[in-house]
Structures are given as C-alpha cells and as structure tokens.
Amino acid sequence: MSQSLNICKIGEKLRVSSILPSEISSKLLEMGFYSGKEIEILYKAPFGDPIAIQVGDYVLSMRKNEAQYIEVIKSVNN
Amino acid sequence: MKKIALIGNPNTGKTSVFNRLTGLNQHVANFPGVTVDKKSGLLKLNNEQVTVIDFPGTYSIYPHSADEKIVYDVFSNPKHEDFPDAVLVVADASNLERNLLLFAQIYDLNLPLILIINMSDIAHRKGIEIDIEKLKIEFPTITICQTNARVGAGIDILKEEIFKLNSKTNLITDRKQILENYTLANNNDTVSQEIETSKRFEFIKNLISKFVQNKSQNVSKSKKLSFYDKITIHPIFGYVIFALILISIFQLIFSIAALPMELIDGSFADFASWTAEELPAGILSDLLTGGIIPGLGGVLVFLPQILILFFCLGILEETGYLARAVFIMDRIMRPFGLNGKSVVPLISSSACAIPGIMATRTISNKKERLITILIAPLMSCSARIPVFTLLIALVIPNKYVFGFINLQGLTLFAMYSLGIITALFIAWILKIFIKTEEKSFFLLEIPDFKVPRWSNIFISLFEKGKVFVLEAGKVILAISIILWALATFGPSDSMQNAVKNINYSQHQNADSSQVIASVKLENSYIGILGKTIEPVIKPIGFDWKIGISLITSFAAREVFVGSMATIYSVHQEDNKGLLQTMRNERNSLGKPIYSLATGLSLMVFYVFAMQCMATLATVKTETKTWKWPLIQLFYMGGLAYLSSFIVYQVFS
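Residue numbers (my numbering), protein chains in the order written: chain A, 1125 to 1202; chain B, -1 to 650.
Listed below in structure tokens is the structure:
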C-alpha cells in the first residue's frame, strides 16, 4: 500500500512509488525522488515539521507540505 | 577572450573550485537584464587567460527559481552574450547520482566539457570508491578531472586541462549548428522534463553501478546520526545552542566592532580638522572637511560590523550548522511569511540593519527574502541607543515599579519590543500583499558537518566589503554631501544677517562659536525646512528644533543628539548640559516642551522611522531597484507618524 511521505515515521525504510502531480513534481524528481528510490526519514524538527530525509547519499529537508506529494511504500525488509 | 562556464549543484565545493581557479581576481556584476549576480574571474596560465563565469548553483538545467533560470537562459541560447565556449561541471563525489543529472543534461549539449569530480576524500571516508578510469571509458570525448578543492589538490592539472581545451581552435566553429542540435525541453513543459529526468536517472543508475562501489549502503542511516546532528536539532538543546550562537554574534557586532568603529570615526574627524587647518579657508575646504571626509568616514564606519557578521555567518554556513538552525527555526518563522533563514539577518539587524540586510542573500526564496529586508530596519539598532538614552533621561523618572523594575530600563525594553513585535506584524501583512511568480517551496539540503574552509570565508569577506563600499558607499557619500550643503548654506543674506544680529547677552552659558553654529543651522536650508514642516509635526508634539534634528539625523539616527546640541548651543560631549537645557525649554504657554508625551512620541518615532540613508542605500544595492527602499521609506515614515500621533494624543 502506498502512502504519503508526510505521515511516515522516522527510521522506516521506504521506496518512492510515485510523485503526485503538483507545481513542484519536476523539482522533486530532479532532487532524486524517482520511482523505486529508497529513502528514509532521518529526523524531524521539534514541531514535527520540516522533516529531514536521506535520499541516496545525501540529506534533504522539506516541509510536510512538500512531502505530501511523495507517495512511498514501506520496504518489505522492515 | 574565451568564456568558461562553471556550473554544478549547490554544496559541491563549486565556490572552492572557483576561488582556487581565480583567487582574488573576481568581479561581481549582473547577468544582462536580470537581477542575478554574475561572478566572474580571470584564470591565467603561461601568458594565456580565460574568463571563468560562476553560475548560480542548480540541481538541473530546468529552472525553479530566478537564480537557476539564468543557467537555462544562457545554455538554451547560443546567441546569449554569456554563452560559454566551454563548460566545467563540478560534481560531488560522495553524491554522484544526483550530481550527474546536471552533468548528463550539459553533456548532451555537445559543448567542450570538463567534468570535475570534487571532494573524493569525503566520498572515500564514507566508503564510496570511484573508478575514474572506467568513467573515462564511458565518456571518451570529454575531460574528467579529480580535485579536492578544499586543500587545492588536482587544481594545477585542472588548470592545464582548461587551457588544453582553450587552445583547440575549433572550440565552437558554428554556433548555428549547436542550436539545431539542442535537445532542451521548453522551460514550461514540465511533463517532457519529467519524462526526460526519469530516463536520465535510469541511465545514471546503470552508469554508476559500473564505476562506483558503495560500501555504506544497507545500514539504517537514522541509527548513525552523529552527536552533533542530534544535539543541534534537539527540541531543547537545539534552541539553546542557537540562542547562544545568536547572542554571541550579537555581542560581537555590538561590542567588538565598537573599537575599530571609534578608531575610524576618530581618525576621519582628525583628518577633517587637519585638512581644515592645512587648506585655505573657503568653500572647497568646507566641502572637504564638512561633506566629503565625514561622508567617507560614514561609509567605512560600517565595515567592522559587516565583516564581523559575515565572518560568523561564513563559519556557520561552511560548517553546515546554518542549515540545521534553519531547519529548527522554519516552523516558528513560517506564520509570518518568513523563512528559518530570516532569523540571523533579523537578529543582526538589532545591532545594525546594514549587515543584516546584506545577510539576507542566503534566503533563496525571493518573497521571503524581500519581506526580511523590508522589516529588518524595524529591529532597534545600536544607532538608536543614544537617542533613546537622551530622551529617557529627559522624560522618564528614575524610579522603580514593584520595588525592583527600573522605569527607565523598562522604557528601553518597551522600545526594543515594540520594534520586534511590529516587525513580525508587518511581515505578516506583507506576506499577503507581496506576490511573486516564483513557486514557493522549502527544499534545503542538510550538508555533513565540515571544518570551515577559511580561504572561502576570507574571499567572501573581501567581496562583501568591496560591494558595500563601492555600491552602497556611493549613495551614502552623495546623500551626506547633500545634507552637508543643506545644513551649511541658506538663502543668500539671511544667514549672515542672523549671525550679525546675535545678541550674545542672551547666551551667557555658551561660547560665541557655539552660538554662531546654532544660528547658522537655524537659518540654513535645513533650518528653514525644519520650520516649514512644523505645522505637520506639531500634532505629534514636535517643534521646529526637533524638526531640524529629524532631517539631519537622516544621515544616521545618532546625529539627532549632536544636532540638538548644536541647536541649543551646548557641548556635544556633555549630555548633562544638553539635558538641562532641554529640560528648561518652555513653549509659549510656559509649559515644558519635552513633556512625557513629546518624549514618548519622539522615541516611538525613532523606533519606526526609516532614519538611515545607509540602510536605504544597502536595500537599493541588494534589491537592485529604488522601488523597495522608497516603499520602505514611506511605509516606515507613515507608521512612525501615525504611532507618534496616537502616543502624543494619549499622553498629553
């Protein structure tokens, strides 16, 4: 089952399933969120927003507002 | 002369490469037609030279911000005056997948190209091994260099390779042909862009598996967070650390800068009086000693604060701490239309708005940057302190409420708070009114903690100082000369007549030169202007004497005190004398002019009014238009007048 990245927890191993159409979908794709990419939420800011995500070899932070456009599925080896 | 473009993702050490190649031979200008900084520099080797243009950092050739758009505009148009003869693409070795996207896009443009794999030492430490020879086999037509720009490794070879490209005479023989071969999608066609990007990532994934070995995979990253990571984003310690850092920066700008500032002030004053003695008296000498030399001093006096702030900011940015501070502050600043990055500029502005406004460059979102610039001067800066101190001593009794809260201290605190609260409120309003075409999003890379590269910090200090002195300095100097002329000259005879008619018996406590200075100021153009605006400022409790000082203190707020001293012909250094004189001032009804109502009204006026030409000049330099400084001048002026009116009417 795919779910939106903004409701995922820290440490869950996730795989990008799709980017929802939005103003920033091409931007998110260019930042490395192509479908199949393995990602993980590293930590969240004190109010739970923004969140920091490990994308391959680097860490990207984004607001939950941006994260809602990233659809992910939990990896089986969780 | 050949033009070489330097492009790459942010945080790849692109700036380090640029600094290593060009050193201090750098020049900042605008890209034609847009307000994006164009940094270029000369690279010389064995009598040959090329121009290296440092393009704004971007993740893709398809733009998402005004800064990134310049990359698309230049590379999609071979007739563009900045279209390069060759391209250097910098890629971070520890994050090749994302970095190679931009490389692949540029590669397909078929321009002479050098791929610079930078920071391989960090990649190595992370367990990422790159087989450059295999990569070279994949791309036989281009040059691939490995560098570690932080320590300068590989730079000499890179320079040689650049000139090897340069000496190939047929670099670009036919620009028309290139245009026909272009594969770039339309800037607005995001669907094609997304299809293209997905394909490119397929290709890159496949490519990387051939030449990169990554031993760091398959470990849950969140379990490997370093101590520094954990503490800087901690819900309590994160804010404690950030507060401590801000307080230290504030203290540094506030106190350490004071010494060199006094030194600059003092030496320019000495230089002016020396010049006055050496030169024959006359209009030229007056212009030099009263207008130009103090004007130059008025520009240079800001340098210590600017350099100290950017030194601190450089360290925070270079180490990677700043991204974490922005990360924890973002949610708090967001309701006001601000960004986590607005915090440092705003706090700095409570020492001085000029370095604060210059520091907004780190805010990549145009709208949030503009809002930060527009509200920054509302933070009470150090130049307001002499004004507040004088007025508080004048109208606020030195009493204690509840036995321990000093009323004078409380008033000062209230003025500071008034500035901060209003700044946030105005930001919230501006959020609604300012529209930008740019998409608003918050995507911020959080780099690893690193040791700062000192040479980068010092080169950027040099650039900041140069830009301020040359750009904002011009405006400050021009306005100070105008102000000087207005305060020195008056309608033909009236000044001389007034001086002739001085009745010295009325001024028993002052020496004659002070009385003359006072009468001259009163009869100068500024004096006349001050009297003319009296009907306007009467409802807020000011007389023409205050009016004159309001105009002269446009040079800098603290000039208010000196102007008052001149008008009342007392010694400037002697605050007590001035206080006594002002206290004894009576209006036509015999009531004190400096009542509680007038004093408070004047203080509130100084909290809000845009009484600082140097700030206006800096806003002009930063926004590259007179529109925003003028809007700022009028909204702050209106706010000051309205608030002072309310305060005066309530308290009188």
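C-beta: ideal position from N, C-alpha, C; glycine also.
Could you say which of the options lies nearest to residue i if we only look at CA atoms?
i: B:G335; options: B:G289, B:F16, B:I361; result: B:I361
i: B:I538; options: B:E131, B:Q647, B:K203; result: B:Q647
i: B:F209; options: B:F447, B:S547, B:V393, B:E131; result: B:E131
i: A:G1160; options: A:R1139, A:L1166, A:G1180, A:K1168; result: A:R1139
i: B:P333; options: B:I369, B:K36, B:F411; result: B:I369
i: B:A357; options: B:R148, B:V617, B:L205, B:S253; result: B:V617
i: B:I59; options: B:V69, B:D52, B:F53; result: B:V69
i: B:F540; options: B:G463, B:I352, B:P54, B:V602; result: B:V602
i: A:M1186; options: A:I1148, A:E1136, A:K1137, A:S1141; result: A:I1148
i: B:L205; options: B:A321, B:L133, B:L428, B:V473; result: B:L133
i: B:F308; options: B:K518, B:W452, B:D263; result: B:W452
At a CB-CB cut-off below 8 Å, which residues of chain A make contact with residue i?
i: B:T195; result: S1150, L1153, E1154, Y1158
i: B:R367; result: By Cβ distance, chain A contributes nothing, its closest Cβ being about 17 Å from B:R367, past 8 Å.
i: B:R451; result: Within chain A, no residue comes near B:R451; the closest Cβ sits about 19 Å away, beyond 8 Å.
What in chain B is Cβ-close to residue i, meaning under 9 Å?
i: A:R1187; result: D328, R329, R332, F439, F440, L441
i: A:R1129; result: The sequence as given places Leu at residue 1129 of chain A; Arg does not occur at that position. Under the 9 Å cutoff, chain B gives no residues; its nearest Cβ is about 13 Å from A:L1129.
i: A:A1191; result: The contacting residues do not exist; A:A1191 stays about 10 Å from chain B at best.
Looking at chain D, is there any beta carbon in it that lies within less than 8 Å of the beta carbon of residue i?
i: B:N93; result: Judged by its chain identifiers, the structure shown contains no chain D, and its protein chains are A and B.
Is residue i buried or exposed, if buried means 16 or more other CB atoms sit within 10 Å of its CB?
i: B:E200; result: exposed
i: B:H62; result: buried
i: B:L640; result: exposed
i: B:F476; result: Rather than Phe, the amino acid found at residue 476 of chain B in this sequence is Ala. Under this definition B:A476 is an exposed residue.
i: B:W542; result: buried
i: B:P278; result: exposed
i: B:K222; result: exposed
i: B:K0; result: buried
i: B:R173; result: Because the pLDDT at B:R173 is just 43, under 50, the model does not fix this residue reliably, and the value given afterwards should be weighed accordingly. Burial call: exposed.
i: B:A256; result: exposed
i: B:F29; result: buried
i: B:T195; result: buried
i: B:L631; result: buried
i: B:A638; result: buried
i: A:I1143; result: buried
i: A:M1125; result: exposed
i: B:R123; result: exposed
i: B:L344; result: buried
i: B:Q578; result: exposed
i: B:D491; result: exposed
i: B:L261; result: exposed
Quick one: what's got a C-beta closer than 7 Å to residue i's C-beta in the same chain, skipping five residues either side?
i: B:D328; result: N337, G338, F440
i: B:A270; result: T287, I291, P292
i: B:L250; result: I306, C310
i: B:S118; result: A91, I128, Q144, N146
i: B:H78; result: D71, V72
i: B:I549; result: I524, L527, G528
i: A:S1141; result: S1126, S1159, E1195, V1196, I1197
i: B:V652; result: With chain B represented from -1 up to 650, any question about residue 652 of chain B goes unanswered, as that position is not in the structure.
i: B:I531; result: G545
For a contact meaning CB atoms closer than 7 Å, what does residue i contact in chain B?
i: A:E1195; result: The contacting residues do not exist; A:E1195 stays about 15 Å from chain B at best.
i: A:A1169; result: I231, F325, I326, D328, R329
i: A:L1144; result: Within chain B, no residue comes near A:L1144; the closest Cβ sits about 12 Å away, beyond 7 Å.
Got a sec? Which residues, its chain only, sit under 6 Å from residue i by beta carbon, not counting five neighbours each side?
i: B:S347; result: G354, A374, M377
i: B:S650; result: A595
i: B:T171; result: Only weak support exists for where B:T171 lies, its pLDDT of 43 falling under 50; the value from the coordinates is given anyway. Excluding residues within five positions, none has a Cβ falling inside 6 Å.
i: B:N168; result: Low confidence applies to B:N168: its pLDDT is 42, below 50, so where it sits in the model is not reliable, and the reading given next is rough at best. Once the five neighbours on either side are set aside, B:N168 has no close Cβ partner at all.
In its own chain, which residues sit with a C-beta less than 8 Å from the C-beta of residue i, not counting the 5 before and 5 after it?
i: B:V467; result: V297, L298, L301
Taking residue i as the query, report the chain A residues whose CB atoms sit under 7 Å from its CB, ordered along the chain.
i: B:H62; result: K1151
i: B:Y57; result: E1154, M1155
i: B:L99; result: E1154
At a CB-CB cut-off below 9 Å, which residues of chain A make contact with residue i?
i: B:I51; result: Correct list: empty, because the minimum Cβ distance to chain A is about 23 Å.
i: B:L223; result: L1166, Y1167
i: B:G39; result: Ordered by position in chain A, no residue passes the 9 Å Cβ test against B:G39, which lies about 28 Å from the chain.
i: B:R148; result: Here the premise fails: no neighbours, minimum Cβ distance about 18 Å.
Does the segment 74 to 84 of chain B come close enough to the segment 1184 to 1198 of chain A to have 3 or more Cβ pairs within less than 8 Å? no
I'd like to know if the segment 313 to 326 of chain B and the segment 230 to 240 of chain B are in contact, where contact means that at least 3 CB-CB pairs between them fall below 8 Å. yes
Are three or more beta carbon pairs between the segment 279 to 286 of chain B and the segment 377 to 386 of chain B nearer than 8 Å? no
Would you call the segment 450 to 469 of chain B and the segment 2 to 22 of chain B in contact, with 3 or more CB pairs under 8 Å? yes
May I ask you to verify whether the segment 110 to 117 of chain B touches the segment 137 to 157 of chain B, counting CB pairs closer than 8 Å and requiring at least 3? yes
Do the segment 517 to 529 of chain B and the segment 483 to 490 of chain B make contact, defined as three or more Cβ pairs closer than 8 Å? yes
Inter-stretch contact (C-beta, 8 Å, three-pair minimum) for the segment 402 to 421 of chain B and the segment 607 to 623 of chain B: no
Any chance the segment 576 to 587 of chain B sits against the segment 401 to 414 of chain B, with 3 or more Cβ pairs inside 8 Å? no
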